[in-house]
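Notes to accompany the following structure.
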Amino acid sequence: MNMTEISGDWKIIKGKVKEKWGKLTDDDLEVIEGKRDQLVGRIQERYGYAKARAEEEVAAWEKRDDYRW
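Residue numbering for the sequence shown follows our numbering, starting at 5 and increasing by one per position.
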């Protein structure tokens with residue numbers, strides 16, 4: 005499997021992040037800037053999820069689309 009390096013391809017991948025988590029703003033995406041912990045935190049804020057649920061969503065997304073940080 006060919007894994008996509010998220011931090012290096014952030015400009016491309018942030019569109020997919022926005023599709024998955026539409027409540028994230030452009031400002032959120034700028035702050036996240038390819039950092040997994042920032043993505044989890046912003047998902048928590050925007051969706052009102054507990055950290056564990058946000059982590060689960062990100063992990064499922066990573067696995068489905070074969071991404072790594």
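Heads up, the beta-carbon is just placed ideally off N, CA and C, and yes, glycines get one too.
Values in this document were obtained by computation on a predicted structure and should not be read as measured data.
By the Cβ-count criterion, R46 is buried, with 16 or more other Cβ atoms from all chains shown falling within 10 Å of its own Cβ. If you draw a straight line from the Cα of D69 to the Cα of A54, it comes to about 23 angstroms.
The C-beta distance from K20 to L28 rounds to 11 angstroms, too long to meet the 8 angstroms contact threshold. If you ignore the 5 residues before and after D32, its C-beta comes within less than 6 angstroms of the C-beta of R46, all in its own chain and listed in chain order. Distance from the Cα of A64 is smallest, within the candidate group V35, E49, W25, D30, for W25. Taking the Cα of I36 as reference, the smallest distance to any Cα among K18, G52, A56 is reached at K18. In the three-state reduction of the DSSP assignment, Y51 falls in the helix class, which pools H, G and I.
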